[in-house]
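Only one structure is covered here, and it is reproduced in the block below.
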Amino acid sequence: MKKLALPLALVLAASLPLLSGCDGQASSLDRFEASQAGKTVTVPVTTVVERDFERTITGTGSLRAGKRTRIQPHVTGQIVALPVDIGDVVQKGDVLVQLRRTEFENEVAQKEAELAMAEAQLADLLAWKRSEEVAALEAAVDEASAALARAENDFRRKGDLFREGGLARTDFDRAQEEYRRAQAALAAAQARLQESTAGPTREEIAIARARVNTASAALAEARRKLADTTITAPYTAAITAKFAEVGEQVNAQMGTDILEISDISTLEAYFLISETLMPYLSVGTRGTVEITSTGRIVPATVVAVNPAAEETVRSFVIKAEVANPEGALRAGLFIRGTLALDRRERVPAVPRQALRYLISDGEGPGVDNHNRAMLFVLDDDNLVHPTIVATGLLDAAGFIEIATGVPPGQRIVADGALPLIEGQKVQPATEGDSHQF
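See below:
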């Protein structure tokens, strides 16, 4: 404990005028000090106690939904069902909007048929060397060879008759044409047989596979569009706005708004904090939010601090997260936020009126007074010792933290405004006693 023999002028500066006397005369303070010397007075006495202090800051603002989403269609179509309304609470996966499905179902059926055809064509290519097909082609070649032999014999016989004058020109020409056709038919049958035994080329198979892939992708897209005709809730939320009705046409390209949903399981409190308090604030700071209309108090945690001040008021916007698992709170409510910046437990404290010359940076619980003040400390002989102390936080009960200067249990004069001097003898007052000077 630091005891300081203060000049009486300092102790009494707030209550006694400074009077200058003539040469050789004592001042008013000198006379007062002389009058107090050896005088025992009755004073109220208390002790330095231990208390818990918490630095807090407050601000006003409002609650907002933690997450809001505008529901828009992914496909263009007509609304045929809208089973929700403003205020409804929906679970993740619940149907919000149903668009007409007919056109999209037809498109899916068409794409399924196209895929089936492409797959069949690919299968035919991959199964090109089946023995029954080769046998049929070989039989066709044999048949074409026999037909050619018959046509050739007929053509030779009629040629001889035509040269001998026993056959008309038209009959000869007809026989010649039949012979040429038989030759072409055999050549075609032989080509088909050769192609069958050789199989498809790599390019042909690649093209067939590409057709299957294209048809498969087109079918997947058609199915996606069909699925998109049913719009479901992406998360558990409340319906906070409605922009369309059943029967209206909505356009995916234009981004037509149908509904707005808000996640109210966690709300966000936005409020302003004075720039003088910003050094004590950080993300993760915990506190409470009081709903102005109901007085309900709920926990809150700072999740963001705007680094730029609001120029008009020189304050900073902070965002705190407020849990709302029961959904009792609503976005838009006005709030008063209180944040605990730090907590100090079992530190020395005295009643505020025991201090003298306390110059405060502010009023109210949780305001930090980075100042020095004076206490009248009593020793075991009840002698007064003015002592400088460093003060800290002020609580709601009117106690001030003593950061340095006196320990818990130390006796002090309970009224710092009394005109006491260093070494003055005092008598601790009992209940009902009055100050005596």
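Numbering (my numbering), first residue to last: 2 to 438. Ideal placement from N, C-alpha and C gives every residue a C-beta, glycine not left out. Remember, predicted model here, so these are calculated numbers, not experimental data.
#1: Hey, would you say V348 sits closer than 8 Å to L376, going by beta carbons?
#2: Roughly how far, in whole angstroms, is the beta-carbon of L421 from the beta-carbon of V385, given that I think they are within contact range, below 8 Å?
#3: In three-state terms, what does DSSP make of A415?
#4: On the DSSP letters alone, give me the boundaries of the beta strand (DSSP E) that V290 sits inside.
#5: Using only CA atoms, which one of L227, N307, P45, S217 lies nearest to R114?
#6: Given a threshold of 16 other Cβ atoms within 10 Å of its Cβ, counted over all protein chains shown, does P326 qualify as buried or as exposed?
#7: Between L273, V306, G296, E276, which lies nearest to T286 when the distance is taken from Cα to Cα?
#8: How many angstroms separate the CA atom of L19 from the CA atom of D380?
#9: Just tell me which of V49, R182, Q428 has its CA closest to the CA of R151.
#10: Which residue or residues does DSSP assign as beta-bridge partners of K243?
#11: If you follow the beta strand (DSSP E) that A253 is part of, which residue opens it and which one closes it?
#12: Between the segment 43 to 63 and the segment 425 to 432, do three or more beta carbon pairs fall short of 8 Å?
#13: Helix, strand or coil for S316? Go by DSSP, reduced to three states.
#14: Drop a sphere of 10 angstroms on the beta-carbon of T295, count the other beta-carbons inside from all chains shown, and report buried for 16 or more, exposed for fewer.
#15: Could you tell me if the beta carbon of V213 falls within a distance shorter than 7 Å of some heavy atom in the ligand MN?
#16: How is R56 classed by DSSP in three states: helix, strand or coil?
#17: When you compare the segment 335 to 351 with the segment 274 to 290, are there three or more beta-carbon pairs, one atom per stretch, that lie closer than 8 Å?
#18: Between which two residues does the alpha helix (DSSP H) carrying R210 extend?
#19: Between the beta-carbon of A219 and the beta-carbon of K112, is there less than 8 Å?
#20: In whole angstroms, what separates the C-alpha of R353 from that of T302?
#21: A450 and D95: beta carbons closer than 8 Å?
#22: For L376, which residues does DSSP report across the bridge?
#23: Figure out for me which residue from V49, Y180, E139 has the closest Cα to the Cα of E153.
#24: Rounding to the nearest angstrom, what Cα-Cα distance links T215 and R224 in this structure?
#25: Note the first and the last residue of the continuous alpha helix (DSSP H) segment covering Q428.
#26: Does the distance from the CB of A186 to the CB of A136 come in under 8 Å?
Let's see:
#1: For the purposes of this step, residue 348 is taken as residue 347 along the sequence shown, with counting starting at 1. For the purposes of this step, residue 376 is taken as residue 375 along the sequence shown, with counting starting at 1. At least 8 Å separates the beta-carbon of V348 from that of L376.
#2: Numbered from its first residue, the sequence shown carries residue 421 at position 420. Numbered from its first residue, the sequence shown carries residue 385 at position 384. 5 Å between Cβ atoms; contact.
#3: In the sequence shown, counting from the first residue as 1, residue 415 sits at position 414. The DSSP-derived three-state label of A415 is coil.
#4: Taking the first residue of the sequence shown as 1, we reach residue 290 at position 289. For V290, the uninterrupted beta strand (DSSP E) run begins and ends at 287 to 292, by DSSP.
#5: Taking the sequence shown and counting its residues from 1, one reaches residue 114 at position 113. According to the sequence displayed, residue 114 carries Ala and not Arg. Nearest of L227, N307, P45, S217 to A114, Cα basis: S217.
#6: One-based indexing of the sequence shown puts residue 326 at position 325. With fewer than 16 other Cβ atoms within 10 Å, it is exposed.
#7: Stepping through the sequence shown from its first residue, residue 286 is reached at position 285. Selected option, being the one with the closest Cα: V306.
#8: Locating residue 19 in the sequence shown gives position 18, counting from the first residue. Locating residue 380 in the sequence shown gives position 379, counting from the first residue. Residue placement at L19 cannot be trusted, given a pLDDT of 34 that sits under 50; the coordinates are not used to answer.
#9: Mapped onto the sequence shown, residue 151 falls at position 150. Among V49, R182, Q428, the Cα nearest to that of R151 is on R182.
#10: What you label residue 243 is simply residue 242 of the sequence shown in a count that begins at 1. According to DSSP, K243 bridges with L260.
#11: Translated into positions along the sequence shown, residue 253 becomes position 252. Premise fails: A253 is in no beta strand (DSSP E) and is neither H nor E.
#12: Contact between the segment 43 to 63 and the segment 425 to 432 is present, because at least three Cβ pairs lie under 8 Å.
#13: The sequence position of residue 316 within the sequence shown is 315, counting from 1. Three-state DSSP puts S316 in a strand.
#14: As a working note, residue 295 is residue 294 in the sequence shown. The residue in question, T295, is exposed, as its Cβ has fewer than 16 Cβ neighbours within 10 Å.
#15: Ligands in the displayed structure: none, and consequently the ligand MN is not present.
#16: Position 55 of the sequence shown, counting from 1, holds the residue named residue 56. In the structure shown, R56 falls within a strand segment according to DSSP collapsed to helix, strand and coil.
#17: Touching, yes, given that three or more Cβ pairs across the two stretches are closer than 8 Å.
#18: Here residue 210 corresponds to residue number 209 of the sequence shown, with the count starting at 1. First-last of the alpha helix (DSSP H) with R210: 203 to 228.
#19: For the purposes of this step, residue 219 is taken as the residue at position 218 of the sequence shown. For the purposes of this step, residue 112 is taken as the residue at position 111 of the sequence shown. For A219 and K112, yes; Cβs fall inside 8 Å.
#20: Translated into the one-based positions of the sequence shown, residue 353 becomes position 352. Translated into the one-based positions of the sequence shown, residue 302 becomes position 301. Between R353 and T302, the C-alpha separation is close to 32 Å.
#21: Lying outside 2 to 438, the shown extent of the chain, residue 450 is not represented and no answer is given.
#22: The residue you call residue 376 lines up with position 375 of the sequence shown. Per DSSP, T388.
#23: Reading the sequence shown from its first residue, position 152 is the one you call residue 153. Nearest option by C-alpha distance: Y180.
#24: Position 214 of the sequence shown, counted from the start, is the residue given in the question as residue 215. Position 223 of the sequence shown, counted from the start, is the residue given in the question as residue 224. Roughly 14 Å separates the two Cα atoms.
#25: Residue 428 sits at position 427 when you count from the first residue of the sequence shown. No alpha helix (DSSP H) holds Q428; the beta strand (DSSP E) holding it covers 427 to 429.
#26: On the sequence shown, residue 186 is found 185 positions in, with the first residue counted as 1. On the sequence shown, residue 136 is found 135 positions in, with the first residue counted as 1. Taking 8 Å as the cut-off, the beta carbon of A186 is found no closer than this to the beta carbon of A136.
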